[in-house]
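Asker:
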Amino acid sequence: MSEPKTVQRRIAFRKANRKMPTRRHDIQVEQVRHTNPELLTKFTTETGKILPRRVTGVSAKLHRKITRSIKQARAVNLLP
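Every letter in the sequence shown is one number past the one before it in numbering that gives the first Met the number 0, and letter 78, counting from 1, is 77.
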């Protein structure tokens with residue numbers, strides 16, 4: 000495989016192909032619910048955006064549940 004032509008392309012290639020962070024096993028699936036806003040705020044930024052999986056390091060199944068719970072908590076005004 001040949002090298003990328005420019006420095007910017009090389010940087011972008013490395014960012015796109017980096018490894019996922021280590022898996023988080025400190026979160027139980029039972030704790031993730033919309034009535035637990037303290038836990039859900041760990042997965043949002045200060046502006047309220049949901050952090051991606053590659054940042055949080057959770058599994059895809061758990062990330063879908065977290066996303067659903069965050070949206071439910073927003074609907075009942077537990078999260079901004």
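Every residue, glycine too, gets a C-beta built ideally from N, C-alpha and C.
Since the structure is predicted, the reported quantities are computational estimates derived from the model, not experimental observations.
For my contact list, Leu77 and Pro36 are in at a C-beta cut-off of 8 Å; report their separation, rounded to the angstrom.
Answerer: Right, the Cβ-Cβ distance comes to about 5 Å (below 8 Å), so this counts as a contact.
Asker: Closest to Val31 by CA distance: which of Lys4, Ala11, Val57, Pro3 is it?
Answerer: Nearest C-alpha to Val31: Val57.
Asker: Between which two residues does the alpha helix (DSSP H) carrying Ser68 extend?
Answerer: Element bounds for Ser68: 59 to 74.
Asker: List the whole-angstrom C-beta distance separating Ile65 from Phe42, where the pair is believed to meet the contact cut-off of C-beta under 8 Å.
Answerer: Confirmed, about 5 Å.
Asker: Which residue comes first and which comes last in the alpha helix (DSSP H) that contains Glu37?
Answerer: Per DSSP, Glu37 belongs to the alpha helix (DSSP H) from 36 to 39.
Asker: How many angstroms separate the CA atom of Thr88 from the CA atom of His24?
Answerer: Residue 88 is absent from the model: the chain starts at 0 and stops at 79.
Asker: Please report the residue range of the alpha helix (DSSP H) in which Val28 lies.
Answerer: Looking at the DSSP string, Val28 is not in any alpha helix (DSSP H), and its letter there is neither H nor E.
Asker: Could you check what DSSP says for Thr44 in three-state terms: helix, strand or coil?
Answerer: DSSP places Thr44 in coil when its eight states are reduced to three.
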